[in-house]
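Numbering (the numbering used here), first residue to last: 195 to 488. Worksheet for the structure shown next.
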Ligand code: PAF
């Protein structure tokens, strides 16, 4: 596996691979790789000829009170894991190379960010869209692989690629989970032992919500999810939301694709999870009212 540190060298590597007619698969990450990232790299390996993994903790997507400084970093471990998973190139630029100065131009996301994490993480998705615009320009991938744990990010990235006509196919990949259902995340390491035991209830709440939705409307289901999470965890429930996907608007028709999404803040980690489902309302019976929130 090649380690490439400068943008200039990365562009030269890609230029040569493109001359050779290779299909480039790209997995952007902020490092501290876990099995979720590794499954993206493996999928990219299966579906492309050259696999580029980037590791860059992008300052632009962190708010002033967020965890940029303490975001976990372990380059030697990441290098080993990325290579074992099948990466051909590891691109790890310095912040000074990516942002030598205050940017003259950044990307501003206009839709799909008023809900879920975008609502409280002001500017986060602008930062994500800006860094991905740079990375797509540097790496010119044919396909880029993203985990659906960050489903809002996938919705924004699809919008970015469509609106700016990047010739790249965005592939959203299923969330990888621990045995108890907790979605894998670099931030799980911040959980205390007690919080780790409680954290699987996020996934449980999503499972239960799918059943509740058969009998309750989305507002009632959201309330039941909040109640469940407040009872089962000591975390602060930031949101439980049922929205259309990928637009992330209140559902209007019975045949929309939906996302059920949840965010809970523990002492040092804010966890998110979601499920995306087709046509739940088609399954709705017309029987007795079973929904009870209190
Ligand atoms: O999902 C992430 O790790 C980041 O948001 C990404 C896509 C690498 C952009 O910095």
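Cβ coordinates follow ideal geometry from the N, Cα and C atoms, glycine included.
For residue 230, no beta strand (DSSP E) segment is defined; the enclosing uninterrupted segment is the alpha helix (DSSP H) at 229–241.
Following the DSSP letters along the chain, one finds residue 458 inside the beta strand (DSSP E) bounded by residues 451–459. When DSSP states are grouped into helix, strand and coil, residue 267 belongs to the coil group.
With respect to the 8 Å criterion, residue 343 and residue 217 are not classified as neighbours on the basis of their beta carbons. The beta-carbon separation of residue 441 and residue 306, rounded to 6 Å, stays under the 8 Å limit for a contact.
In the three-state reduction of the DSSP assignment, residue 472 falls in the strand class, which pools E and B. Spatial neighbours of residue 235 in its own chain (CB-CB distance under 7 Å, excluding positions within 5 residues in sequence) are listed in chain order as 221, 245, 247, 276, 279, 280, 281. The ligand PAF approaches residue 325 closely enough that one of its heavy atoms is under 7 Å from the residue's Cβ.
Residue 220 sits in a strand when the DSSP states are folded into three classes. Excluding the 5 residues flanking it on each side, residue 403 has same chain C-beta neighbours closer than 6 Å at 415, 419, 454, in chain order. Scanning its chain for C-beta atoms nearer than 6 Å, with the 5 sequence neighbours on each side dropped, one finds around residue 376 the residues 393, 394, in chain order. Taking 7 Å as the cut-off, one finds no heavy atom of the ligand PAF near enough to the beta carbon of residue 320. Cα atoms of residue 474 and residue 336: separation of roughly 33 Å, rounded to the nearest angstrom. With 16 or more other CB atoms across the displayed protein chains lying within 10 angstroms of its CB, residue 219 is buried. Collapsing the DSSP output to three states places residue 321 in a helix. Excluding sequence positions up to five before and after residue 447, its CB lies less than 6 Å from no other CB in the same chain. Short of 7 Å from the beta carbon of residue 374, and not among the five residues preceding or following it, lie these beta carbons of its own chain, in chain order: 394.
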